[in-house]
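Quick note on numbering: the sequence shown equals residues 1 to 336 in the working numbering. Each residue gets a CB set at the ideal place from its N, CA and C atoms; glycine is no exception. Treat the numbers as computed from the prediction; the structure is a model and nothing was measured.
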Amino acid sequence: MMSRPVIAVPVLYGVGSGGSRIAATAVTGVGPGGRRILQRLENIEPVCISSSKADIEALSKHVDRHLFLIGDGTGSGMDPEKGRRDYLEHPARREIIEMPRKVAEEKGMERIDLIPVIFTAGYGCGSGAGPELLSDLAKNYPNAAVLGICTLPFSWEGPETSKRAFKALERACKHAPTIPASNSYLIGDSLDMDFIKALNLVNERILKPLTATLRAFTSARAITVIDSSDLRRVLKPGPVLAMHWSLPSPSEIANLSAHNSSTLAPIQKGFGKVSSLAIIEAGGRGLTPAAAEALPEQLSHILQARISEIKTLLTTRPESEKTYVTLLIGGVKLYA
Ligand SMILES: Nc1nc2c(ncn2[C@@H]2O[C@H](COP(=O)(O)OP(=O)(O)O)[C@@H](O)[C@H]2O)c(=O)[nH]1
Ligand SMILES: [Mg+2]
Numbered sequence: 001m002m003s004r005p006v007i008a009v010p011v012l013y014g015v016g017s018g019g020s021r022i023a024a025t026a027v028t029g030v031g032p033g034g035r036r037i038l039q040r041l042e043n044i045e046p047v048c049i050s051s052s053k054a055d056i057e058a059l060s061k062h063v064d065r066h067l068f069l070i071g072d073g074t075g076s077g078m079d080p081e082k083g084r085r086d087y088l089e090h091p092a093r094r095e096i097i098e099m100p101r102k103v104a105e106e107k108g109m110e111r112i113d114l115i116p117v118i119f120t121a122g123y124g125c126g127s128g129a130g131p132e133l134l135s136d137l138a139k140n141y142p143n144a145a146v147l148g149i150c151t152l153p154f155s156w157e158g159p160e161t162s163k164r165a166f167k168a169l170e171r172a173c174k175h176a177p178t179i180p181a182s183n184s185y186l187i188g189d190s191l192d193m194d195f196i197k198a199l200n201l202v203n204e205r206i207l208k209p210l211t212a213t214l215r216a217f218t219s220a221r222a223i224t225v226i227d228s229s230d231l232r233r234v235l236k237p238g239p240v241l242a243m244h245w246s247l248p249s250p251s252e253i254a255n256l257s258a259h260n261s262s263t264l265a266p267i268q269k270g271f272g273k274v275s276s277l278a279i280i281e282a283g284g285r286g287l288t289p290a291a292a293e294a295l296p297e298q299l300s301h302i303l304q305a306r307i308s309e310i311k312t313l314l315t316t317r318p319e320s321e322k323t324y325v326t327l328l329i330g331g332v333k334l335y336a
């Protein structure tokens, strides 16, 4: 067995009402408004930022620190410009930026490799403050990969909401690699279930690639290793496609395109040239080189793109019957 991968991820930021609730839920397993997650993220601390006092009060029942109220506490009034100013002018902005360093120090982490930021785009706080936070973090942590996860609205929230959300996504993409997670796409055909259940399902789907990635990063069974410079190379500022498969066996990687993936946003095919990070957690008896070898062809078939490079992180999960494949694909273009 080779050495343990050392990708250190001290915090998960959540920005906006929805974003801060998702971040808190991802870590604690339960969150405000009946939000629940089955596979929680371990050994990572949520940092929640919202412009609504009511949000912070609700969050304080689930997480006991790193809660930041920005603005006057009355929300951002569906105005991204207000959300943006509330963040930029907030006296604790420096403190917010320093959170990864502070938590890393407390945990005895030697480096900071990855800083994920979930923000809900469409209204005010997430849309305005999210991209600015990404910009601050990218500047302040040049040796870490800063990764945005931007939710896009449900269809019933209206076209103006979508427009605002895409603007926020575009702005975020200027500063950091950002995964679009489309609520309307992710809810799919689960429209007839209880609303809380449906929302939890969407949140589970959003967190799946992140959970799998972080699990592989800290796995003691890694066969190949990646480090933060690899992350930064693949994850450049711009949109990043996140795709996730759960396969019955590792050999099914050769048939990847025949299996359904839980992709976070609809794929527009024909990207040109893309680079990808592939995280493979092989269940059962493990992975053969033949399965890994099939990956580029499968990927180019799925995306109809030329694959210029794939950095792979291979681990095994002998306790699991399934094999999990997560792809983070950079160099793609915005699809809207
Ligand atoms: N996926 C997901 N989206 C959410 C959740 N809660 C709110 N949203 C979405 O987040 C978007 C922005 O809303 P909100 O966070 O309340 O706005 P803000 O506080 O002004 O940033 C809307 O499209 C909501 O549908 C959640 O738990 N999960
Ligand atoms: Mg709000």
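DSSP three-state assignment for residue i, whether helix, strand or coil
i: residue 307; result: strand
i: residue 221; result: coil
i: residue 294; result: coil
i: residue 146; result: strand
i: residue 166; result: helix
i: residue 278; result: strand
i: residue 137; result: helix
i: residue 195; result: helix
i: residue 238; result: strand
i: residue 61; result: coil
i: residue 131; result: helix
i: residue 161; result: helix
i: residue 177; result: strand
i: residue 332; result: coil
i: residue 322; result: coil
i: residue 9; result: coil
i: residue 74; result: strand
Cβ neighbours of residue i in the same chain (closer than 6 Å, five flanking residues each side left out)
i: residue 298; result: 256, 257
i: residue 4; result: Only weak support is given to the placement of residue 4: the predicted model assigns it a pLDDT of 47, under 50, and the question is left unresolved by the model.
i: residue 111; result: 8
i: residue 86; result: 51, 70, 71
i: residue 1; result: With a pLDDT of 40 at residue 1, under the threshold of 50, the modelled position of that residue is not reliable, and the figure given next carries that caveat. Here the set comprises nothing.
i: residue 18; result: 120
i: residue 232; result: 145
i: residue 63; result: 24, 46
i: residue 325; result: 245, 280
i: residue 329; result: 241, 274, 276
i: residue 90; result: 70
i: residue 270; result: 304
i: residue 216; result: 279, 281, 313, 315
Burial state of residue i (16 or more Cβ within 10 Å)
i: residue 114; result: buried
i: residue 301; result: exposed
i: residue 224; result: exposed
i: residue 281; result: buried
i: residue 77; result: exposed
i: residue 47; result: buried
i: residue 74; result: exposed
i: residue 130; result: buried
i: residue 285; result: exposed
i: residue 303; result: buried
i: residue 38; result: exposed
i: residue 171; result: buried
i: residue 196; result: exposed
i: residue 331; result: buried
i: residue 159; result: exposed
i: residue 212; result: buried
Paired residues, beta bridge with residue i - DSSP
i: residue 22; result: Answer by DSSP bridge pairing: none, since residue 22 is not bridged.
i: residue 68; result: 49
i: residue 27; result: Note: residue 27 sits in no beta bridge, so no partner.
i: residue 187; result: Partner(s): none; residue 187 has no beta bridge.
i: residue 14; result: 48, 118
i: residue 313; result: 279
i: residue 273; result: 306
i: residue 247; result: 323
i: residue 182; result: 152
i: residue 215; result: Answer is none; residue 215 lacks a bridge partner.
Proximity below 7 Å, CB of residue i to CB of residue j
i: residue 128; j: residue 80; result: yes
i: residue 192; j: residue 311; result: no
i: residue 250; j: residue 315; result: no
i: residue 153; j: residue 10; result: no
i: residue 321; j: residue 283; result: yes
i: residue 175; j: residue 135; result: yes
i: residue 31; j: residue 25; result: yes
i: residue 22; j: residue 140; result: no
i: residue 318; j: residue 307; result: no
Neighbour flag for residue i against chain C, beta carbons, 7 Å
i: residue 277; result: You won't find chain C in this structure, because it holds only one protein chain.
Same chain only: Cβ atoms within 8 Å of residue i, ignoring 5 sequence neighbours per side
i: residue 60; result: 67
i: residue 254; result: 290, 291, 294, 298
i: residue 132; result: 84, 87, 88
Cut-off 7 Å between Cβ atoms - residues of its own chain near residue i, not counting five sequence neighbours on either side
i: residue 259; result: 245, 247, 252
i: residue 92; result: 68
i: residue 56; result: 50, 67, 69
i: residue 237; result: 173, 174, 175, 176, 177
i: residue 104; result: 8, 10, 112
Ligand 3 site residues, beta-carbon cut 7 Å against heavy atoms: Absent from the structure shown: ligand 3. Ligands present: ligand 1 and ligand 2.
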